[in-house]
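In what follows, a structure is listed as structure tokens, so that the remarks can point back to it.
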Amino acid sequence: MRPATPALLAAVLASVLAGCATPTAAPAPAPPYTPPTVSEQAQERGGTPVERPAPRLLVADGAAGRSTLLDLGSGSALATFEHGAAPTLHASPNGRFGLAVQGRANRVEVVDGGAWTTTGGRHFVAPPKKLDLALHGAKPSHVVDHDGRIAAFFDDDGTAQAFDAAALPDGPLRPVTIPSPGPHHGVALPFGPNYLVTLPAPSRDELPVGVALHDPNGTVLAENRECPELHGEASLGGTALLACGDGIMLVTPTGAGATFEKVAYPAGPLGPDGDRRTFTLLVDEPRHAVLGKLTTGTELVRLDVAARTMTAVPLPAGNSALELAGGAVLAVTQDGMIHKLDPATGTVTARTKVAEPFTAEGEFSVPRPKLAVGGNRVFVSDPARGLVTELAADSLAVTRTLPVGGRPTNMVVLGATGAGAGG
């Protein structure tokens, strides 16, 4: 349930410094944070060397507590994992592990996809399995990884749990608990050595109103309450980005605190609920930009992080799932088509039929087509037909269909990246 729609900002940029962290002089830049590392020998332990990466696709069933791991070499199923509820999937930073977030079962489980690449560039495989490691709490929702750590927020607890990704796969996780003022639909972001945690609105049914910066002991270093209806986050370098009801907030570390800046959404038509904002953010790292779909349903906003400017570009009507691939925007529309767009102009450069027609109405948990991208391949799930379609990222030509069964929805590509082991 959303609060009343906030007024659109007239200024393109408004800067707010956190009161409890405002120094008397210009803030000193924060020292660089060094994530925990794992030795090359530890990264290789338990695996069989192979000549090239062995990517897999972990596919969640949107109507049952189940996920299926597909071998993208052969297209066959390697394993099926049972969960306490239909999971939402998130890939670990190194792409080896899938985190299965089960809001209705009060836990976050870890699936080892059994394929990884070490920091030295060697490739390994091992039997896939669900690890005997999990986070437990009331109604987990958003999971975020950054700066070598993974954080899960538990809505009904109003707390977050975070652990070093280097603890995977052997454990123990030794999660740190970061509190908030109370239960709400929130999120926690690892932020250098610290954490950004959302601040609840007066009513639990409303979205958060801002964020507080906590150190690992839970001490609040700074806070900002100028981000109404906060939903949607991303990280670009050392900057955290938050999707507010009236703009995108940029949070930058400075000394022991942080600075907070907001860029307003560009003026234009309102969406069906009388607002003009985005609820999700996609990072275009090579172009130092962030993208988000506006609630009008027919526009995309692009924030140039360096210039602190935001522009709107058109999207195909009826779009649902969005993703980035090689700098292009991919959009699946309710007629079952996938479109490839130029993010600067909205020009459609390719389109292909990939799924049965569907509706984007109803709760987010309703099974509907989702997107995943791995290298030069794009995957679109089709819950109506129980399969996943694979396409070439450059042309959107269909290369094969992968039978999964059930109601395949969200997916993550595993074993296709070359970051360090352990998350």
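With this note's numbering applied, the sequence shown corresponds to residues 972 to 1394, in that order.
The beta-carbon is built from N, C-alpha and C at its ideal position, and this holds for glycine as well.
The model shown is predicted, which means the values in this text are computed figures rather than measured ones.
Check	Outcome
Which one or two residues does DSSP pair with residue 1015 in a beta bridge?	Partner(s): none; residue 1015 has no beta bridge.
Is any non-hydrogen atom of the ligand HEM found closer than 6 Å to the C-beta of residue 1210, if you look at the structure I gave you?	Absence of the ligand HEM is noted for the structure shown, with no ligands found whatsoever.
Just the Cα atoms here: how many angstroms apart are residue 1089 and residue 1345?	18 Å
Would residue 1224 and residue 1034 qualify as a contact pair, given that the criterion is a beta-carbon distance under 7 Å?	no
For the candidate residues 1374, 1200, 1092 and 1159, whose alpha-carbon lies nearest to that of residue 1045?	1374
State yes or no: is the C-beta of residue 1069 within less than 7 Å of the C-beta of residue 1383?	yes
Report back the beta-carbon spacing between residue 1377 and residue 1032 to the nearest angstrom; my notes put them in contact at under 8 Å.	4 Å
Is it true that the CB of residue 1064 sits closer than 7 Å to the CB of residue 1038?	no
Please state whether DSSP places residue 1332 in a helix, a strand or coil.	coil
Name, in chain order, the residues that DSSP records as bridge partners for residue 1322.	1310
Output the distance between the C-alpha atoms of residue 1205 and residue 1367, rounded to the nearest integer angstrom.	27 Å
Compute the distance between the beta-carbons of residue 1265 and residue 1249, then report whether it is under 7 Å.	yes
Could you tell me if residue 1151 is buried or exposed, where buried requires 16 or more neighbouring beta carbons within 10 angstroms of its beta carbon?	buried
Can you tell me which of the three DSSP states residue 980 falls into?	Residue confidence is low: residue 980 scores 33 on pLDDT, short of 50, so the model does not pin down where it sits. No coordinate-derived value is stated.
If you draw a straight line from the alpha carbon of residue 1283 to that of residue 1240, how long is it in whole angstroms?	11 Å
Around the C-beta of residue 1238, are 16 or more other C-beta atoms found within 10 angstroms, so that it is buried, or is it exposed?	exposed
How would you label residue 1085, buried or exposed, when you count the other beta carbons within 10 angstroms and need 16 or more for buried?	buried
Would you identify the three-state DSSP class for residue 1383, choosing helix, strand or coil?	strand
In angstroms, rounded to a whole number, what distance separates the CA positions of residue 1296 and residue 1156?	29 Å
In this structure, does DSSP put residue 1257 in helix, strand or coil?	helix
Below 7 Å between beta carbons: does that hold for residue 1113 and residue 1082?	no
Roughly how many angstroms lie between the CA atoms of residue 1319 and residue 1227, to the nearest whole one?	45 Å
Going straight from the alpha carbon of residue 1370 to that of residue 1132, what length do you get?	40 Å
Please go through the stretch 1035–1069 and give each complete beta strand (DSSP E) segment of 3 or more residues, from N-terminal end onward.	1037–1042, 1048–1053 and 1059–1062
For residue 1006, which option in 1091, 1134 and 1015 has the closest C-alpha, if you only look at C-alpha atoms?	1134
Locate the beta strand (DSSP E) running through residue 1094, then write down its first and last residues.	1094–1096
At which residues does the beta strand (DSSP E) containing residue 1224 begin and terminate?	1218–1225
Looking at C-alpha atoms only, which residue of 1308, 1202 and 1100 is the closest neighbour of residue 1327?	1308
Taking the alpha-carbon positions, what's the residue 1028 to residue 1167 distance?	31 Å
Which parts of the stretch 1125–1202 are runs of the beta strand (DSSP E), unbroken and 3 residues or longer, counting only runs that do not cross its ends?	1130–1135, 1147–1150, 1159–1162, 1165–1170, 1181–1185 and 1191–1195
Under the three-state reduction of DSSP, which class applies to residue 1005: helix, strand or coil?	coil
Evaluate residue 1187 with the Cβ neighbour count: other Cβ atoms within 10 Å of its Cβ, from every protein chain shown; 16 or more gives buried, anything less gives exposed.	exposed
Give a yes or no on whether the C-beta atoms belonging to residue 1123 and residue 1079 are separated by under 7 Å.	yes
With DSSP run on the structure shown, which of helix, strand or coil describes residue 1073?	strand
In terms of residue numbering, what span does the beta strand (DSSP E) encompassing residue 1348 cover?	1348–1353
Using a threshold of 7 Å, state whether the C-beta atoms of residue 1290 and residue 1302 are closer than that.	yes
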